[in-house]
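Q: Numbering (my numbering), first residue to last: 1417 to 1557.
#1: Determine, using beta carbons only, whether residue 1445 and residue 1502 come nearer to each other than 9 Å.
#2: Counting Cβ pairs closer than 8 Å, one from the region 1489-1502 and one from the region 1461-1469, do we hit at least three?
#3: Please report the distance separating the alpha-carbon of residue 1512 from that of residue 1527.
#4: Is any heavy atom of the ligand PLP found at a distance shorter than 8 Å from the C-beta of residue 1459?
#5: In angstroms with no decimal places, state the Cα-to-Cα distance between residue 1518 and residue 1431.
#6: Quick check: what's the CA-CA separation for residue 1420 versus residue 1450?
#7: Please report how far the alpha carbon of residue 1427 lies from the alpha carbon of residue 1441, in whole angstroms.
#8: What separation, rounded to the nearest whole angstrom, lies between the Cα atoms of residue 1524 and residue 1497?
#9: How would you label residue 1487, buried or exposed, when you count the other beta carbons within 10 angstroms and need 16 or more for buried?
#10: Go through the region 1491-1534 residue by residue and report every complete run of the beta strand (DSSP E) that reaches 3 residues or more, in order.
#11: Answer with buried or exposed for residue 1533, where buried requires no fewer than 16 other C-beta atoms within 10 angstroms of its C-beta.
#12: Answer with buried or exposed for residue 1475, where buried requires no fewer than 16 other C-beta atoms within 10 angstroms of its C-beta.
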């Protein structure tokens, strides 16, 4: 939630509040925009939802696809990859590029990168390819 910034584009926001202030809001972990939500605040609810609603499905053997906006995804990736608050604020996500995580033995293993299309863009499309890749990984271990 961008609070008073809701509905404004980057240029309008910079003109109204100044480029430095906008940069601070967009790239800080714990500084929210006026009446809005910081990445830290977003992480509290997004990660809680992930733990309560998504992890139980993964534990039961289901495949789950998550689609969300930037800070929600950053929050979940921070949790899955155990990133620090400093690391997550520089995390760039590509729009519409799928990422694949494999849940194995209680751990999340990322396949692909959040900065561009990689193997995740291929393997995330079909379960058969994902299972094939998992068998290859298992043979290497």
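Don't be surprised by glycine CBs; every beta carbon is placed ideally from N, CA and C.
No experiment lies behind these values; they were computed from the predicted model shown.
A: Per the coordinate set shown:
#1: Start at 1 with the first residue of the chain shown, and residue 1445 comes out as number 29. Start at 1 with the first residue of the chain shown, and residue 1502 comes out as number 86. In this structure, residue 1502 lies closer than 9 Å to residue 1445 by Cβ.
#2: yes
#3: Looking up residue 1512 in the chain shown gives position 96. Looking up residue 1527 in the chain shown gives position 111. The alpha-carbon separation between residue 1512 and residue 1527 amounts to approximately 16 Å.
#4: Absence of the ligand PLP from the depicted structure is noted, as is the absence of any ligand whatsoever, leaving it without description.
#5: Indexing the chain shown from 1 puts residue 1518 at position 102. Indexing the chain shown from 1 puts residue 1431 at position 15. Approximately 43 Å, taken between the alpha carbons.
#6: Against the chain shown, residue 1420 aligns to sequence position 4. Against the chain shown, residue 1450 aligns to sequence position 34. For residue 1420 and residue 1450, the distance between alpha carbons rounds to 6 Å.
#7: The sequence position of residue 1427 within the chain shown is 11, counting from 1. The sequence position of residue 1441 within the chain shown is 25, counting from 1. Cα to Cα, residue 1427 sits roughly 14 Å from residue 1441.
#8: Start at 1 with the first residue of the chain shown, and residue 1524 comes out as number 108. Start at 1 with the first residue of the chain shown, and residue 1497 comes out as number 81. Roughly 8 Å separates the two Cα atoms.
#9: What you label residue 1487 is simply residue 71 of the chain shown in a count that begins at 1. Buried, since its Cβ has 16 or more Cβ neighbours within 10 Å.
#10: 1516-1520 and 1523-1527
#11: Within the chain shown, residue 1533 is the residue found at index 117, counting from 1. Reliability fails at residue 1533, whose pLDDT of 46 lies under 50, so the model's placement of it is uncertain and the value that follows must be treated cautiously. So residue 1533 counts as exposed.
#12: Mapped onto the chain shown, residue 1475 falls at position 59. Exposed is the call here.
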